[in-house]
Structures are given as structure tokens and as C-alpha cells.
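2 protein chains.
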Amino acid sequence: MINYPIKRKPQIKSTNYANLGMTLESDIEASNTYYLNHNIAVIHKKPTPVQVVNVSYPARNKAKITEAYYKTPSTTDFNGIFQGKYIDFDAKETNSKTSMPLKNVHPHQIEHLRSVYTHGGIAFLIVHFKPYNEYYLLKADILLDFWDTQDEEKGRKSIPYDTFKNKAYLIPFGYQPRLDYLKVVKEKLL
Amino acid sequence: MINYPIKRKPQIKSTNYANLGMTLESDIEASNTYYLNHNIAVIHKKPTPVQVVNVSYPARNKAKITEAYYKTPSTTDFNGIFQGKYIDFDAKETNSKTSMPLKNVHPHQIEHLRSVYTHGGIAFLIVHFKPYNEYYLLKADILLDFWDTQDEEKGRKSIPYDTFKNKAYLIPFGYQPRLDYLKVVKEKLL
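Each protein sequence line maps, in turn, to chains A and B. Each residue of the first sequence is one higher than the last, beginning at 85 in the working numbering. Each residue of the second sequence is one higher than the last, beginning at 85 in the working numbering.
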């Protein structure tokens, strides 16, 4: 009985580290599956873009890709429809206790979120502060404000944790759905 | 000189066949770029999903995928936002003069379009009848009607060209945008 928590702790830790970036993604994908199966929303993760260079055909009808490279995505990872509204977001994780570095977000993702926001879509980031195990929904307009007012020379280049506390919305983490971000969308963004 | 055209002919032919389904796709992508640049809509093609099996690292920070396979997509190829509305569609080509075979559409694409349609999104197919060089926008509800009333034994399993003539909308083909499908969406579906 005494050993149980001691044994278990590192196991959890290693799972967390091995799945860096995967856990949040899989939590969101599990939530999306829940939303789809319960007829709440249709939201999917886009496949990771790959540049295929060589393909061989070891068997008829079976293409084997033998050389390919990961490409930088031109949009965010997730989009779909909820209550007739277009939803678009990306997911980010940080180990920082004080801020989310803006280098975590690609410029083309920023521009994509800006376009979506301009066209009346619901655009945001889901940010996981790992030290607190807190998940925040940060609306695109707040992200864009920070992005656009970055001082190139002094370089803020991060969004303080306090901004999340004050201006973003905490996403409830639970069993089903694991990460109920659409509850926040429904209550705060619609 | 005499040999040149003989050599060249099969090359052109093979290019055409190799790009089967690519031309329509690239016409749509060119239109999407036009829409994006002119601030009309934000619509992107989803990357082709690939199952990565092996990755090597010939250089630091450079991942080379050495074994991967194409996966069946779980959704349609295109989605995005237009005038605040969620848009979702797939593109199909047929060489038939009389009908579009329903085997061109994967069951999961049908179910995805059904979900989108149920959630109030704008869902459709763009179908290219190659013998006529005509492009049609077929609303998801008509597609679903045909799909759901398929006789398993007799098996219609195709949508007649006449149905396209009577119930679908011809998409204007031009220079910019090449395939102005949002004109049809705006006039007929909004």
C-alpha cells in the first residue's frame, strides 16, 4: 500500500513527457469523438501535412511511401461546425509557469486565425499550462492583440499567465468529454 | 524529328491519367487561393492522411519519413468559412456521360456530409462530368436521398446525369476564380 503511490508517480510522469504535445491533442480528439457521437458538433483534426517524394509499389494497389518529409501546416489543426457556427482552433502546451511564449504559434496560424475571425468564425487557442495542469480557451482577438503589439526590439513575445487568468476561460477537464471546450464556447463565445 | 511527336504523345497521355482527379483539385485550390486573397472566404484542402511507420534522422532537426502508407480520409477534402457559414464539400470526377457512380464517394464521406448537413452547415459535392467538361454543385441532401434509397439488390448506385441537369447547379468556369463555386453557394444555398 505504501509503495503504490511511489511506484505510480514516475509512471505517470514518463507518460506525460513521452506524449508531450500528444496528450493534449489526444484529449481534444477524444472530446471531438464524444461531440460527434453525441451529435453535439462535427470537429476534426486535420491530418499532418506530408511532402511525398518517393512511392514504391511492392504489391498491386498498395502504395508504399519510401521518402517523405513533414511540411509546415498552413492552417490550425482543428476545425468544424458547432451549432451552425464555424469553429477553428489550435492547441498549444507550455511548461512555463509565467507565460505562453508566442514562438509556440506559427505566423501562418496567426494569419489563419485572423482570417477566420474576420469572417465571423469562432477562433481561439486551447492552451495547456502544464505546471498547473490548467487548460485555457484564449479567444483569437486577445491573441491577435498581443501578436500585433509585440515590440520587435524589446520583444515581449509571450502572453502572461495572468492574462489567461483574467481574460481567457478555464476549460473543465473531466471524464466525458475529457476537455469540454465547447461548454466554454457555448457559454462565453456564442 | 519524326520520332519526336511519337515519343511525346504517350508522355502527355500518361500525364493526363496520372493527374486524374488532380486537375479538378488544383482548380478548386486555385479558386480557394483567390477567395482567400480577395477576402471572400477561408477554405482549405485538408492534407492527405498518411500513416507514418518509420522515420529516420539523417540530420539534426530533419525528420525523413522512410515508410508510410496512405490512409482513407475520414472526412471530405475541403472545408472552411464563407459569409460566417461553415462550408464542407468534396470533389469528384467522372468519365461517364450518363451518371456519377456512387462508388466514387466513400461511405464515411457520406456520413460526414450528413453530419455537417444536420448541424446546419453548407454541404455539397462538386462533380466534374469530363465528357461534357461541366462542373456541378450537388447539394448534400440530394446526394443523401440517392444514397439512402439505393436498392442493395437491384443497385442503382449512381446518380443520373439528368439529375445533375435538373437538380444540381452548373458552376461557372473562368479565369479568376477558375471554378466560382461560391457564386452558386451565394445565389442558391444561402
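Beta carbons: idealized from backbone N, C-alpha and C, even for Gly. Remember, predicted model here, so these are calculated numbers, not experimental data.
Under 7 angstroms from the C-beta of residue i: neighbouring residues of chain A
{"i": "residue 270 of chain B", "result": "Ordered by position in chain A, no residue passes the 7 angstroms Cβ test against residue 270 of chain B, which lies about 14 angstroms from the chain."}
Buried or exposed by the 16-neighbour rule on C-beta atoms within 10 Å, applied to residue i
{"i": "residue 110 of chain A", "result": "exposed"}
{"i": "residue 264 of chain A", "result": "buried"}
{"i": "residue 222 of chain A", "result": "buried"}
{"i": "residue 138 of chain B", "result": "exposed"}
{"i": "residue 196 of chain A", "result": "buried"}
{"i": "residue 275 of chain B", "result": "Look at the range of chain B in this structure, 85 to 274, and you will see that residue 275 of chain B is not part of it."}
{"i": "residue 140 of chain B", "result": "exposed"}
{"i": "residue 274 of chain B", "result": "exposed"}
{"i": "residue 266 of chain B", "result": "buried"}
{"i": "residue 260 of chain B", "result": "exposed"}
{"i": "residue 206 of chain B", "result": "buried"}
{"i": "residue 268 of chain A", "result": "buried"}
{"i": "residue 169 of chain A", "result": "buried"}
{"i": "residue 209 of chain B", "result": "buried"}
From the options, residue whose alpha carbon lies closest to that of residue i
{"i": "residue 126 of chain B", "options": "A/167, A/142 and A/171", "result": "A/171"}
{"i": "residue 41 of chain A", "options": "A/151, A/219 and A/251", "result": "The first residue shown for chain A is 85 and the last is 274, placing residue 41 of chain A beyond what the model contains."}
{"i": "residue 243 of chain B", "options": "B/274, B/213, B/107 and B/271", "result": "B/213"}
{"i": "residue 36 of chain A", "options": "B/142, B/140, B/148 and B/153", "result": "The shown model of chain A, from 85 to 274, leaves out residue 36 of chain A, and the question about it has no answer."}
{"i": "residue 108 of chain A", "options": "A/162, A/143 and A/148", "result": "A/162"}
{"i": "residue 151 of chain B", "options": "B/158, B/136, B/160 and B/165", "result": "B/136"}
{"i": "residue 175 of chain B", "options": "B/143, B/260, B/118 and B/159", "result": "B/159"}
{"i": "residue 157 of chain B", "options": "A/130, A/205, A/155 and A/233", "result": "A/130"}
{"i": "residue 227 of chain B", "options": "B/194, B/183 and B/271", "result": "B/194"}
{"i": "residue 225 of chain A", "options": "A/201, A/216, A/256 and A/121", "result": "A/201"}
{"i": "residue 164 of chain A", "options": "A/218, A/123, A/215 and A/258", "result": "A/123"}
Cross-chain neighbours of residue i in chain B, by beta carbon under 7 angstroms
{"i": "residue 154 of chain A", "result": "147"}
{"i": "residue 133 of chain A", "result": "131"}
First through last residue of the beta strand (DSSP E) which encompasses residue i
{"i": "residue 216 of chain A", "result": "Here residue 216 of chain A belongs to no beta strand (DSSP E), and DSSP marks it neither H nor E."}
{"i": "residue 172 of chain B", "result": "169–178"}
{"i": "residue 154 of chain A", "result": "146–154"}
{"i": "residue 138 of chain A", "result": "134–143"}
{"i": "residue 127 of chain A", "result": "125–129"}
{"i": "residue 256 of chain B", "result": "That residue, residue 256 of chain B, is in no beta strand (DSSP E); it is neither H nor E in DSSP."}
{"i": "residue 164 of chain A", "result": "162–166"}
{"i": "residue 157 of chain B", "result": "Here residue 157 of chain B belongs to no beta strand (DSSP E), and DSSP marks it neither H nor E."}
Within chain A, the residues that residue i reaches when beta carbons sit closer than 8 angstroms
{"i": "residue 120 of chain B", "result": "199"}
Interface residues of chain B facing residue i [CB-CB closer than 9 angstroms]
{"i": "residue 183 of chain A", "result": "The contacting residues do not exist; residue 183 of chain A stays about 25 angstroms from chain B at best."}
{"i": "residue 128 of chain A", "result": "130, 158, 159, 163 and 196"}
Where the alpha helix (DSSP H) containing residue i begins and where it ends
{"i": "residue 201 of chain A", "result": "191–202"}
{"i": "residue 226 of chain A", "result": "224–232"}
{"i": "residue 247 of chain B", "result": "245–251"}
{"i": "residue 267 of chain A", "result": "265–268"}
Chain B residues whose Cβ lies nearer than 8 angstroms to that of residue i
{"i": "residue 151 of chain A", "result": "148, 149 and 150"}
{"i": "residue 125 of chain A", "result": "203"}
Near the ligand SAH: residue i beta-carbon under 6 angstroms from a heavy atom
{"i": "residue 141 of chain B", "result": "The ligand SAH is not part of this structure, which contains no ligands at all."}
Between the region 214–229 of chain A and chain B, which residues of the former have a C-beta closer than 9 angstroms to a C-beta of the latter?
Listed by position, the residues of the region 214–229 of chain A near chain B (Cβ gap below 9 angstroms) amount to none.
Could you name the residues of the region 157–176 of chain B whose beta carbon sits closer than 9 angstroms to any beta carbon of chain A, in the order they occur along the chain?
So the close ones are 157, 158, 159, 163, 164, 165, 166, 167, 168, 169, 170, 171 and 172.
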